[in-house]
Structure formats: C-alpha cells, structure tokens
Amino acid sequence: MTPLERRCRRLLLAYPPGYRAERGDEIVSTLLDEARPGQRYPTLRDAIDLLIHATRRRVGVTADFDAGLAIAAPWALAIAAGISAFVWWQVEPLIPTVGPAVYAAWVLAAMVARRFAVAMAVAITAIAPFAALSTSAERPPLWIVVPLIVLGLITCGGMLKPTAEQRLNIVASAAAIAVTCAPIKPALPGYYQPVLTRVGIVVAVGVLAMMTLALRRGRPYLYAALLLAVPAAWFGPIDAVNWQIGLDYVTAARFGRLAHVVTATCVVIAMLSWLSRQSGTASRASGLALGGGAGYTLFLTLTLDGAWPSASIATVTALGLLGLLLGRPSLTASLIGAATYFTLGVAVGVYSNNWSSTWPTPARTAVLVAMLSLLPCAYAAFHLLRATQLTWRHAAAMVVSLGWTGYLTVPAVMAWGPLLWVLTAVTAIAAIRRRISHEPGSIVRRIL
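Sequential numbering of the sequence shown, starting at 84, is according to our numbering.
Here's what the structure looks like:
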C-alpha cells in the first residue's frame, strides 16, 4: 500500500461504516486514478469534497434535502433582511448598539442577492459583538446575532444565481416582513420582547405556510420549512414571568428563552432526522443521558456550596434512571455527554449572569442549567420512537424521557413561543394524517 493510498483510506473514516465497506474501495480507486505521478497526499480540494460528502452521508442528506435547501435559501435571506430592517427601524432608536452596521449589511445583501454579499453579511454579524468591546456602544443581543448567522448559512448553502424577478421578490418579502412586524404590540419596550414576540409570530406564520405547502408539494417544502425553523427557534419565547406562571428558580426552572431554544431546536432536529431515516442507538442514548447527568453533577459540585435545589436533584435522578433503563452506555457518548453538558452549563451560567464568572445566586443558575437535560431526553425519546423492538425497559425509558420533558415544558405552556405551537400543531396533523406510524413495525404503531 502506497503512502497516498494509506492517507486516502484514513479519510474514509469520515464515512459511516456501512457506506465505507460498500463504496470505500471505489472511492480510493478514483482518488488514485486522478493522482499525479509521485503524489503522496490527497489534494486539499479532494479532501474537502470527500469530507463534505461523508458528512452528508452521516446526517442522511438526500436529494429532497438539497431541493428544500434551494427553496429555503431566498426565504432565509428575506427573513434576515426583514428582521434587520425592522430592528433598525423600530428598536435601534430606543437602544443604540453597533447593530446598524450588521443590519445595513443584510439589507444590502437582500438587494444584491449574491452569495458573496451574504457571506460578507454573515462575517460582519459574527464580528459585531467583538467589535462592540472596543466602543462605547452596546452589542446587538445574541438572540439576534445567532439567527442571522444561521439564516445566512442557509442562504449560502442553497442560493443559486437569482434572476432580476427573484431579487425583486426577496426585497419585497423583506419589506413585507419588516412592515408586518411593526403593528404587533410588544410586551415590553426594548430589544428582547419586541423582537421575540413580533418577529417570532411573523416567522412562525411563514414556517406554517411552508409546512402547509409541504402537504401538497412533498418533502422538499417540508425540509425547507424545517430549515427555516432552526433559526426561528431563537425567536418568539414569551417570558414566563410576564404570564405570572407559578414557577420559580428553586423548585423548577421557568420556561424562558433558553428552554424555548432547546425545546424547539430538539423538535426541529428530530423531525429532520425522521425524514432522513436516522435513528441513533440505545447505547448512544444511554451514554448521553448518563454522561449528561455526570456533567451536571460536576457543574453542581463546582458551583454550589450548600444543598442542591430539589429541581437539580430531580434532574440528576431522571437522567441517571433514563440511562440505566436504556442499557449499556457507549463510553464515547458518555464522555461527549458529560463534556457537553458541563461546557454548556458554564456558558449558560456566564451568560445569564451578565457575562460574569461571579454568580450572586448560584442556585438560580443551577436550576436554569437543568433545562439542558431536555437534550439527552429528546435524543432518547427519538431513538425509542424509531426502534422496532419494544421491551419493558424501553417502555419505561420512554415514560421517563417524555415525563421529564413534560414536567419541564407543559406547566409553562402559555409561555411557549409561536414556533413551538406551529411545530406541535403540524406534528399532530401529520400524525393523524399518516395514522401515527411513518414506518411499518415501529413502536408507535404497536402501542397505538
């Protein structure tokens, strides 16, 4: 085996094992046939193309996904420009930040409708929070920055060369979004509630319209709607305090922005994975649950001096029980789960305490971080729904994962943002329309 062939086969590790066994020799043969005499390494272009293709195979990207990405791209650009125009017009006069540079870049990108312009807007958006550190102006909130970046990535991924008519449609749609947001009354003056309520409602309606089209026009439109729903998850959560919901920071975390983003994102990713026929494994689900519990335990140990809040004890118990019911855990998944939960917990703690490492109310922060337990619970529930064999342990694990998810989300149902209501309604309609089961032999069909 030559050095070039050995290095090419190392690249094949990026592929799923089944695909690697089936097509690995063919891929290596193609790379070797196109190599120059004396070449010892794969070219950078070949390596990047191979890694991109391997990633697509791992996440189950299909032709329908590509078609959905192309459908979503102009809408993503219109939404980003519309949000930018609305915030620049309505919110910046109240709370000046470095945001106008970001918003101007997005408005210009919508008028040009070219990948380079969109990529520049993404770069400016990513740099803006750091640029604000060297000025007296505030930065735009991350709840605006992150969705704009994701919308830009969707646009860059699916945008082809638009016609003059298509560019006009993007500008018109952006203007319509900005104008439509304006009449909806905000709950509070300022950045968060006007953007999260006004924009959240408008974007959720757009996602609902796209999903409605999917009922007639097939999977590409459903993929497009779900792609737009990923950044839309950051818009629209309604603060539970404003609804006077009887939740607190000691016994249970209130359903605020973090909970909405985590819940909505999990639902969207689960629906995308369902379409691509991904299922996961019990060992991975067990590892993520047990690792998540271990990561949260480490977080509590390092941040709390006194007794743990009851919600934190219940969270560790639920994750531990879920992991044990799912069976033998994967060591890799356990390590990933522990590291991810601990890292995200620290990030949430720093952010929720005004970017400070000193937390005046660590118990409040600890309970807020408990909301991250929705991530391993969602993965476990998704795997169990796709499983084809039902055991009593799996049934008990399903009860634990869905029960804990319901405990954290259902009591605050009135605080749900518009997107969660849309996703819940569409899921219910699709379940009824397809008689719950999407595949023969699934556990859902056996139970119901």
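We treat Cβ as the ideally placed atom computed from N, Cα and C, and that holds for glycine. As the structure is a computational prediction, the values presented were derived from the model and not from experiment.
Proximity to residue i [Cα-Cα], best of the options
i      : options                        : result
Ala307 : Met294, Gln472, Ser393, Trp317 : Met294
Ile237 : Ala150, Ile178, Pro224, Gly107 : Ala150
Asp388 : Gln472, Thr444, Ile253, Val254 : Thr444
Ser395 : Ala259, Gly375, Gly410         : Gly375
Ser484 : Thr441, Phe199, Val399         : Val399
Gly420 : Tyr124, Gly289, Arg106, Phe382 : Phe382
Val452 : Ala397, Ala146, Trp475, Ala97  : Ala397
Trp82  : Val174, Phe425, Ile154, Leu407 : Outside the modelled stretch of the chain, which goes from 84 to 531, sits residue 82, for which no answer is possible.
Glu175 : Ala146, Leu418, Arg222, Val201 : Arg222
Val111 : Thr85, Pro120, Gly121          : Thr85
Trp438 : Gln122, His136, Pro224         : Pro224
Ala215 : Phe148, Gly489, Pro183         : Pro183
Val505 : Ala315, Ala211, Leu418, Thr441 : Ala315
Asp147 : Trp442, Thr507, Pro392, Ala297 : Ala297
Ser417 : Ser356, Ala511, Ala365         : Ala365
Ser356 : Leu473, Thr441, Thr145, Pro179 : Thr145
Asp108 : Arg119, Pro266, Cys91          : Cys91
Ala508 : Gly489, Glu117, Val288, Ala247 : Val288
Arg123 : Ala478, Trp442, Arg89          : Arg89
Arg411 : His477, Ser440, Trp442         : His477
Within 8 angstroms, strictly: CB atoms of residue i and residue j
i      : j      : result
Leu160 : Leu310 : no
Gly378 : Phe465 : no
Val351 : Ile162 : no
Leu402 : Pro494 : no
Ala257 : Ala193 : yes
Gly370 : Ser435 : no
Val233 : Val344 : no
Thr208 : Val181 : no
Trp317 : Ala261 : no
Thr346 : Leu457 : yes
Trp226 : Arg340 : yes
Leu409 : Ala372 : yes
Arg360 : Gly143 : yes
Arg197 : Cys239 : no
Ala463 : Leu405 : yes
Leu491 : Ala480 : no
Arg302 : Leu358 : yes
Gly534 : Val205 : Outside the displayed span of the chain (84 to 531) sits residue 534, for which this structure offers no information.
Trp157 : Gln249 : The sequence shown places Pro at residue 157, not Trp. Closer than 8 angstroms, so yes.
Leu231 : Ile284 : no
Pro125 : Leu95  : no
Leu115 : Leu87  : yes
Arg140 : Tyr102 : yes
Ala211 : Val228 : yes
Ala97  : Ala155 : no
Ala202 : Leu191 : no
Ala220 : Pro179 : yes
Pro392 : Ala449 : yes
Residue i, buried or exposed, once every other Cβ within 10 Å from all chains shown has been counted against 16
i      : result
Gly242 : Per the sequence shown, residue 242 should be read as Met rather than Gly. Buried is the call here.
Val482 : exposed
Thr380 : buried
Arg281 : buried
Phe213 : exposed
Arg367 : buried
Met354 : buried
Leu271 : Summary for Leu271: the model assigns pLDDT 48, below 50, so the residue's position carries little reliability; its value from the coordinates is reported in the next sentence. Leu271 comes out exposed.
Val254 : buried
Leu305 : buried
Ala168 : buried
Val324 : Low confidence applies here, because Val324 scores a pLDDT of 46, under 50, leaving its location unreliable and the question unanswered by this model.
Gln327 : Note that Gln327 scores a pLDDT of 44, beneath 50, so its modelled location is shaky; the value from the coordinates is reported in the next line. That one is exposed.
Met454 : buried
Trp499 : buried
Arg469 : buried
Val170 : buried
Arg164 : A quick correction: the sequence has Ala, not Arg, at residue 164. Ala164 comes out buried.
Val496 : exposed
Val290 : buried
Gly329 : No answer about Gly329 holds up, because its pLDDT of 48 lies below 50 and its placement is not dependable.
Ala259 : exposed
Gly432 : buried
Pro120 : exposed
beta-carbon residue i near the ligand SAH non-hydrogen atom, thresh 7 angstroms
i      : result
Gly339 : Absence of the ligand SAH is noted for the structure shown, with no ligands found whatsoever.
To test your reading of the DSSP string, which unbroken alpha helix (DSSP H) runs of 4 or more residues are found completely within the stretch 339-413? Unbroken alpha helix (DSSP H) stretches of 4 residues or longer found wholly inside the stretch 339-413: 340-358, 365-386, 393-409, given in chain order.
Validate contact between the stretch 183-190 and the stretch 130-139 using beta carbons, cut 8 angstroms, 3 pairs: Output reads no: the stretch 130-139 does not touch the stretch 183-190.
Could you pull out every unbroken alpha helix (DSSP H) segment of at least 4 residues lying fully inside the stretch 109-165, listed in chain order? 127-142
Contiguous alpha helix (DSSP H) assignments of at least 4 residues, all confined to the stretch 276-310: 283-300
Every unbroken beta strand (DSSP E) inside the stretch 167-223 [3 residues or more]: Fully enclosed beta strand (DSSP E) runs of 3 or longer: not present.
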